[in-house]
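Quick notes on the structure that follows.
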Amino acid sequence: MSILKHKDITLDDVISDLEQRLTENLRNIDRVKKLYHDDATFDNLMNKIIEKDRELFQKFISAAINGETTKCPTPWRIFSIILDIVQSEGEELPVKKPKPLISINKNIIRRNIKYMGWTFHWLHGKNTLLSIYDRSGDLIYQF
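Taking our numbering, the leading residue of the sequence shown gets 46, the next gets one more, and so forth.
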């Protein structure tokens, strides 16, 4: 529940809540970092996360084909934490900006980050497209 629904909330309450969330996020990042310690264990972790995410979406698509109405799955929490780690500790790569063919291209923001040999590419426009490439440069995930 959001703390902003309370009418008698103070600025100290808001700051305390934000500090608590930050502490929890940092604790989660430390937990996830303990799951890998070298290239091989990071590869294994990423492959498991991506496979789990793929399974969730396959179930969602199967349910939709069968006429069931379900909510679109959200990414696995550990996946979100990995993306936070990548953005804070990864190496920002230069992005080749294409020549704008139409005016909409100039509003698209691109970001490439290399972390543990993997490349993470964000394309921000009206929505966000995330592409993940493994060490050999093969596209293994796109959402």
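C-beta: ideal position from N, C-alpha, C; glycine also.
{"Asked": "Endpoints, beta strand (DSSP E) assigned at N157", "Found": "154–160"}
{"Asked": "Touching by the beta-carbon criterion (3+ pairs, under 8 Å), the stretch 124–131 and the stretch 75–85", "Found": "yes"}
{"Asked": "Under the three-state DSSP convention, the category F165 falls into", "Found": "strand"}
{"Asked": "Local conformation of S176 per DSSP, three classes", "Found": "strand"}
{"Asked": "Residues bridged to Q187 [DSSP beta-bridge criterion]", "Found": "S176"}
{"Asked": "Rounded C-alpha distance that separates F165 from N111", "Found": "34 Å"}
{"Asked": "Neighbourhood of W40 by C-beta, 7 Å cutoff - its chain only, sequence neighbours within 5 removed", "Found": "The requested residue 40 is not part of the displayed model; the chain covers only 46 to 188."}
{"Asked": "Beta-carbon proximity list for E134, same chain, < 7 Å, skipping 5 on both sides", "Found": "Y160"}
{"Asked": "Spatial distance of R156 from N92 (CA atoms)", "Found": "22 Å"}
{"Asked": "Option nearest I123 by Cα separation, candidates L71, L184, S181", "Found": "L71"}
{"Asked": "Secondary structure of L80, DSSP reduced to three states", "Found": "coil"}
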